[in-house]
Amino acid sequence: MTQIACKSLIVQKFGGTSVGTIERIQAVAERVIEAKEEGKQLVVVVSAMSGETNRLLGLAQQIDAVPAERELDVLMSAGEQVSMALLAMMLNKMGHAAVSLTGWQAGIKTDSQYNDANIIHVDPSHIQQLLERDQIVIVAGFQGITDEGDITTLGRGGSDTTAVALAGALNADECQIFTDVDGVYTCDPRLVPQARRLDVVHFDDMTSMARNGAKVLQLQSVEYARQHGVPLRVLSSFEEGEGTLVSFESSAASDVVGIALKNQQTLLDVDMPVSELQEQLNLFGMQCWCKAVAADLTQIVTANEDLARLKLVLDKKMHQVAAVSTLSVVGNNVQNKVDHVCAVLAEAGVLVRQKKRSAHCLSLLINEDDHQLAVDVVHKRFVVEPESLDNRPLLAVS
Ligand code: ADP
Ligand code: ASP
Ligand code: MG
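For the sequence shown, position 231 matches number 1339 in this note's numbering, and the numbering has no gaps at all.
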């Protein structure tokens, strides 16, 4: 796609906390104006004000624990439309021409997987016309439209993916994700204050971090940026700085790049053979970590937010075992560190219930009550003090 002018074009995305109050929206407007005054063309993607999507979801769940998917998307997409209009008003008030667009006005077409839709096509022509008229274009994140004209949402955290997809379609010079931390860290800095900000993170590592709970970027946004070669940077909307560039450069000197944690999950016993259970889950478009325990007993791990839906599918066949978390060690050759990581956890008294290895990632299922202790000891031993590690050959794991 040709770029519409020789001016540089930037897509900026501001998350929920960054647009959480009118004062914050003013601060965002000031940052947008600063970039505009440097001569850039700007497309700005916004999330709903913080807490708003959960509030809307809560209203729906007062009516039905598993609300009708189509209507849920109509409801949840409303949050972003509030922020986009407020930011456009603020920019206009501050003397800069801005216009807000919904996802469908911005040309974002998705499949019809309600609540978790995938972007299949972006037609950027409307945005391009507005940019040619020197407008700042504000776009509602997290939403799109199907070929049948139904509203969809892109899964929690989906505004990141809106921004990356628009940046790809517009051939933008950079997609900047502004959030409430100043980049991607070796672990969630709210959990581990010793976590370090990474200047650069490799797409492979960022993909594993995002897949395993590092919600600083939605997984699909990382995958999309990688596939379409979109330059992607994570920055703070609260302070100045270079943030973290997601790229094909190596992330870190040591093997372990970071630790990710996924909380709010449940371990369940299901009275069903693993193959039959997987078939059932596929039928309902659900994905879970499954492990055969006996011929007709399977253990699965599910996100708590999916429990109500799962109950509709499995009913009396499912029995809750424990509240669990997944701790993932991300980086090169981390699969080989399984014994070391388990030994460090055992030393700290943390029970490892299951282990899973994949490219660039080693994931361990632990009790949710142990998550803070586990993440502290593993981050300390493998990220802060990697040189103290013993590199004995390791045994295979299940
Ligand atoms: P936004 O509302 O801007 O989209 P999110 O809450 O979705 O922001 O993502 C930012 C949050 O991601 C941070 O506040 C931080 O707690 C969390 N996070 C988790 N893992 C990481 C990580 N490795 N690096 C940085 N932040 C992380
Ligand atoms: N508002 C949506 C959410 O809370 C999308 C986003 O913030 O990216 O998940
Ligand atoms: Mg987010």
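C-beta atoms are modelled at their ideal positions from N, C-alpha and C, and glycine is treated no differently. All of these numbers come straight from a predicted model, not from anything done at the bench.
Proximity to residue i [Cα-Cα], best of the options
| i | options | result |
| --- | --- | --- |
| V1330 | A1214, R1178, L1405 and G1265 | G1265 |
| Q1372 | S1362, M1380, V1409 and F1392 | V1409 |
| G1351 | V1272, M1426 and D1290 | D1290 |
| Y1332 | F1311, M1317 and L1343 | F1311 |
| A1280 | P1339, Q1407, V1378 and E1131 | P1339 |
| K1115 | K1144, S1358, C1398 and G1123 | K1144 |
| E1188 | S1158, I1235, G1215 and Q1170 | S1158 |
| V1119 | V1153, V1127 and I1130 | V1153 |
| A1454 | Q1169, E1146, I1367 and V1486 | V1486 |
| D1363 | G1321, R1178, E1138 and V1492 | V1492 |
| Q1284 | I1235, S1316 and L1343 | L1343 |
| L1165 | E1142, T1210 and N1223 | N1223 |
| G1128 | I1141, S1191 and L1150 | S1191 |
| K1445 | K1425, P1494 and T1374 | P1494 |
| R1319 | W1397, F1286, T1374 and G1337 | W1397 |
| N1162 | L1180, M1317 and V1207 | L1180 |
| H1204 | R1139, S1355, Q1443 and A1467 | R1139 |
| D1258 | E1240, Y1293, E1413 and T1218 | T1218 |
| T1374 | E1384, V1382, V1460 and N1475 | N1475 |
Span of the beta strand (DSSP E) around residue i
| i | result |
| --- | --- |
| C1283 | E1282 to T1287 |
| V1432 | M1426 to G1439 |
| R1461 | V1460 to S1466 |
| Q1407 | L1405 to A1411 |
| D1377 | V1364 to V1378 |
| S1233 | S1233 -> not in any beta strand (DSSP E); alpha helix (DSSP H) instead, spanning S1233 to E1240. |
| H1229 | I1227 to V1230 |
| T1218 | I1216 to T1218 |
| Q1251 | Q1251 to I1253 |
| Q1221 | That residue, Q1221, is in no beta strand (DSSP E); it is neither H nor E in DSSP. |
Test item: CB-CB of residue i and residue j under 9 Å
| i | j | result |
| --- | --- | --- |
| V1324 | L1353 | no |
| H1448 | F1490 | yes |
| E1282 | A1273 | no |
| Q1395 | Q1462 | no |
| V1378 | L1415 | no |
| G1211 | T1270 | yes |
| L1299 | V1483 | yes |
| G1439 | G1321 | no |
| Q1443 | S1466 | yes |
| V1207 | L1167 | no |
| A1411 | K1370 | yes |
Boundaries of the alpha helix (DSSP H) in which residue i is found, first to last residue
| i | result |
| --- | --- |
| H1310 | Unbroken run through H1310 is the beta strand (DSSP E), V1308 to H1310; no alpha helix (DSSP H). |
| R1132 | I1130 to E1145 |
| K1115 | From DSSP, K1115 is part of no alpha helix (DSSP H); its letter is neither H nor E. |
(message) Whether or not the segment 1461-1480 and the segment 1416-1428 are in contact is what I'm after, with contact meaning three or more pairs of Cβ atoms, one per stretch, closer than 8 Å; do they touch?
(response) no
(request) Pair every Cβ in the segment 1387-1394 with every Cβ in the segment 1430-1437, then say whether three or more of these pairs are closer than 8 Å. (result) Short answer: they don't touch.
(message) Quick check: the segment 1296-1304 against the segment 1347-1356, are at least 3 beta-carbon pairs closer than 8 Å?
(response) no
(request) Could you tell me whether the segment 1244-1254 touches the segment 1196-1216, using the rule of 3 or more Cβ pairs below 8 Å? (result) Counting Cβ pairs under 8 Å, three or more are found: they touch.
(request) Check whether the segment 1251-1260 touches the segment 1176-1188, counting contact only when three or more Cβ pairs, one atom from each stretch, lie closer than 8 Å. (result) yes
(request) Give every residue whose Cβ lies closer than 5 Å to any heavy atom of the ligand MG, listed in chain order. (result) G1123 and G1265
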